[in-house]
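Right, one structure below, let's go through it.
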Amino acid sequence: ICQTEYENYCGDPEKAAALLARAQEAFRVCGDLLEYFDDCLSLARCLADMGQHEQAAWVLERTEQSLLGRTDLNVHLRLQLQACRIECCRIWGEAGRALRETAQESYYDLSCQSIRSQDQSRRRLLQLRHVLAAARMENERLARSAGTDALTGLPNRRRLGEVQEEWFDAAQSGQRPLAVGMLDIDNFKGLNDKNGHAGGDLCLQYVARLLAAQADAQEFAARYGGDEFMLLFLGLDDARCRELGIRLHK
Numbered sequence: 021i022c023q024t025e026y027e028n029y030c031g032d033p034e035k036a037a038a039l040l041a042r043a044q045e046a047f048r049v050c051g052d053l054l055e056y057f058d059d060c061l062s063l064a065r066c067l068a069d070m071g072q073h074e075q076a077a078w079v080l081e082r083t084e085q086s087l088l089g090r091t092d093l094n095v096h097l098r099l100q101l102q103a104c105r106i107e108c109c110r111i112w113g114e115a116g117r118a119l120r121e122t123a124q125e126s127y128y129d130l131s132c133q134s135i136r137s138q139d140q141s142r143r144r145l146l147q148l149r150h151v152l153a154a155a156r157m158e159n160e161r162l163a164r165s166a167g168t169d170a171l172t173g174l175p176n177r178r179r180l181g182e183v184q185e186e187w188f189d190a191a192q193s194g195q196r197p198l199a200v201g202m203l204d205i206d207n208f209k210g211l212n213d214k215n216g217h218a219g220g221d222l223c224l225q226y227v228a229r230l231l232a233a234q235a236d237a238q239e240f241a242a243r244y245g246g247d248e249f250m251l252l253f254l255g256l257d258d259a260r261c262r263e264l265g266i267r268l269h270k
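Going by the working numbering, the sequence shown opens with residue 21, and the numbers climb by one from there.
Given below as structure tokens:
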């Protein structure tokens with residue numbers, strides 16, 4: 021029904037009654053009241069306003085029955101329905117007092133249920149956020165570990181290949197120089213033989229720390245393999261690259 025049209029007919033009881041009669045017939049034959057839920061509540065209000073209390077109560081009762089089994093929408097729609105029932109009971113005055121008090125109690129219970137449901141949803145949402153945050157951190161950790169050398173903590177050969185491509189493209193597009201440096205540790209085999217692999221590992225870690233301290237937006241250091249390391253310099257001229265190489269050598 022069109023509540024606006026009914027309100028326009030309020031000054032003409034016959035037209036208003038005829039409109040409500042047509043609306044009640046449509047309501048009676050309607051197969052899916054949920055699709056016209058708001059219209060059903062409007063019909064009940066209009067009937068209550070016309071003094072047709074029994075018909076209004078019947079409309080609300082039948083509409084409420086249509087909500088049975090619909091747990092996904094039950095609380096929200098039943099709250100609206102009880103609010104409409106309270107409104108209709110107020111129109112009826114003293115005759116609707118008992119029904120109004122029952123509807124108010126039901127509205128209160130449903131409101132508490134809705135609040136509990138919202139709290140549960142918030143808790144589930146927070147739990148989901150924590151899970152997603154933990155998963156994101158784990159993915160980031162795995163991504164870092166996949167591109168990090170376990171012994172030295174420097175980027176590994178895999179990550180080196182990725183950065184090489186990125187910096188090569190950047191050098192080409194920006195017309196900037198790109199330099200590549202290779203270094204290894206002198207007499208590393210002899211150091212290993214003398215001090216064992218633990219001593220060799222300490223040496224590799226020490227060199228890695230020196231290289232990592234030099235790395236910035238224009239310098240990149242990675243472990244290439246064994247005692248070999250690779251350096252990339254983006255946007256630095258020959259003199260600056262040689263200066264860095266000599267400093268690292270010292």
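Quick reminder that beta carbons are idealized off the backbone N, C-alpha and C, glycines included. Note that the structure is predicted; figures quoted are calculated from it, not measured.
Rounded separation between residue i and residue j - CA only
i    : j    : result
L146 : T122 : 36 Å
A235 : A228 : 11 Å
I205 : G219 : 13 Å
R48  : L40  : 12 Å
R105 : R82  : 12 Å
T172 : L203 : 15 Å
S86  : A43  : 18 Å
G201 : A154 : 38 Å
E114 : A77  : 15 Å
R110 : A68  : 9 Å
N159 : L99  : 44 Å
Residue-level contact to chain C via CB, residue i, 9 Å cutoff
i    : result
A103 : Of the protein chains in the structure, only one exists, and it is not chain C.
Buried versus exposed, by CB contacts within 10 Å (16 or more), residue i
i    : result
E186 : exposed
V79  : buried
A190 : exposed
M157 : exposed
Q192 : exposed
A241 : buried
R142 : exposed
E182 : exposed
C66  : buried
L61  : buried
R243 : buried
A38  : exposed
E239 : buried
Identity of the residue in the options nearest residue i by Cα
i    : options                   : result
E45  : F253, L63 and K35         : L63
E84  : D58, L67, L230 and D69    : D58
R179 : G167, F188, D189 and G173 : G167
G71  : R82, C108, L99 and G255   : C108
L252 : F208, L231 and H150       : L231
E74  : L88, L119 and L101        : L119
L97  : K35, E55, E114 and A76    : E55
G245 : S131, R196, R177 and A259 : R177
D287 : D221, L53, D129 and E125  : This structure leaves residue 287 out entirely; the chain is present only between 21 and 270.
Endpoints, beta strand (DSSP E) assigned at residue i
i    : result
A242 : E239 to G245
Segment limits, alpha helix (DSSP H) that includes residue i
i    : result
E248 : Not the alpha helix (DSSP H): E248 falls in the beta strand (DSSP E), residues E248 to L254.
S86  : Counting along the chain, S86 falls outside any alpha helix (DSSP H), and DSSP gives it neither H nor E.
G265 : D258 to H269
C50  : That residue, C50, is in no alpha helix (DSSP H); it is neither H nor E in DSSP.
A170 : Neither: A170 is in no alpha helix (DSSP H) and is coded neither H nor E.
A235 : No alpha helix (DSSP H) contains A235, which DSSP labels as neither H nor E.
Margin query: Going residue by residue through the region 172-223, where are the continuous beta strand (DSSP E) segments of at least 3 residues, counting only ones entirely within it?
Written below: For the region 172-223, whole beta strand (DSSP E) runs of length 3 or above, ordered along the chain, are 198-204.
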